[in-house]
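Take a look at the structure below.
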Amino acid sequence: MTDTKYIASPERYAQQATIYNRCGRSGILLPKVSLGFWHNFGDDAPFERSRAIARYAFDHGVTHFDFANNYGVPAGSAELTMGRLMDEDFRPYRDELFISTKAGYGMWDGPYGEWGSRKYLMSSLDQSLRRMRLEYVDLFYSHRFDPDTPIEETLQALVDIVRSGKALYAGISNWPLEPLKAATAYLRERDVPLLIYQGRLNMLNREPIEEGILDFCREEGIGFIAYSPLAQGLLTDRYLNGIPADSRMAQELFLKSESRTPELLDYLYKLEAQAKASGRSIAQEALNWVLEQRGVTSVLVGASSVEQLKNNLELLQ
Ligand code: NDP
């Protein structure tokens, strides 16, 4: 454990004018680059490295940290890491942080540990708050659409969660367009307007654009945050010359080596040339593409080192 007490950089908002975007038609500004805690923050990652990445982010104006109940190995351990970071580093800065979590995927055994019931969403948020040692989160998401639960049950749970003060805003992630439209109307009628939609968007996966989700969010004043904007690392220099032993692909879990095809390498070489011409890294070029899509509020990056995050944030300079 590091014995240096954390004091956030006094320069952390030096670029305030340029690094934040308004989230839809809301009062919230989010950093154009936000930090995701899916990988690299659980018990499977060295705590001091996780801490260094989180500190670096906050020191550079990255006020938004994104979680889900099941992040980390084992599930829940990324939120436990955040709980420790809250106590040891970030408690004095709680009001400067915008912390989100989600529920939707499998988290505990039995019929109440996944999907979209009121029972699951409410119990899961209580668990997340305990793990993160927080009184409230800023944003709580339904992590996926549940076709078997009445949509009103899921949405009313979000409304009641916001009204209870356990979350300040509601969001949804990975929902198809039609239920998204219904959710927008339902939540608006109850004065808990949908703050943001979280969807996968990067140069290789453009579904939110193709399916009309990004346009819908923009027209309705809902923010859009793009997850896996680097396609889990594919859209970086990480795999140009093989599969590094410490990379996500080497784990063969969420990113399989079969995705490193000759076509992908071809694409990357072209992207590398394009990036060089604009004085950027491949990762910066890929993030810039996402941020240029009209309606995108923020890109939600992952990082396994401070250097990667630094490189990604340099795009905003
Ligand atoms: P990215 O597409 O940003 O991939 C992150 C990975 O890319 C890093 O772990 C690292 O790989 C590599 N990388 C990052 N920056 C660089 C760089 N500058 N140079 C070289 N390599 C780099 O995002 P994630 O897939 O990690 O997702 C980000 C966040 O989005 C998650 O943490 C989570 O909060 C959210 N998310 C939400 C989902 C949802 O269903 N709502 C689903 C998935 C993610 P390596 O680790 O190999 O070094």
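Okay, so the sequence shown: first residue is 73 according to this note's numbering, each after it adds one. Virtual Cβ for every residue (Gly too), placed ideally from N, Cα, C.
| Query | Result |
| --- | --- |
| Span separating the alpha-carbon of residue 115 from that of residue 205 | 17 Å |
| Proximity test, residue 180 beta-carbon vs the ligand NDP heavy atom, cut-off 8 Å | no |
| Status (buried if at least 16 other CB within 10 Å, exposed otherwise) for residue 144 | buried |
| Classification of residue 356 by the beta-carbon crowding that lies within 10 angstroms, buried from 16 upward | buried |
| For residue 192, the three-state DSSP class (helix, strand or coil) | helix |
| Residue burial classification, residue 335 (beta-carbon count within 10 angstroms, cutoff 16) | exposed |
| Any non-hydrogen atom of the ligand NDP closer than 8 Å to residue 143 Cβ | yes |
| Beta-carbon gap between residue 373 and residue 106 smaller than 9 Å | yes |
| Straight-line Cα distance separating residue 193 from residue 249 | 21 Å |
| Euclidean distance between Cα positions of residue 392 and residue 387 | No information on residue 392 is available, as it lies outside the stretch 73 to 389 that the chain covers here. |
| Residue 87 - DSSP class collapsed to helix/strand/coil | coil |
| Integer Cβ distance of residue 99 from residue 293, believed to fall under 8 Å | Between residue 293 and residue 99 the Cβ distance is about 12 Å, and since that is not below 8 Å, they are no contact. |
| Delimiting residues of the alpha helix (DSSP H) encompassing residue 339 | 334-349 |
| Extent of the continuous beta strand (DSSP E) to which residue 242 belongs | 239-245 |
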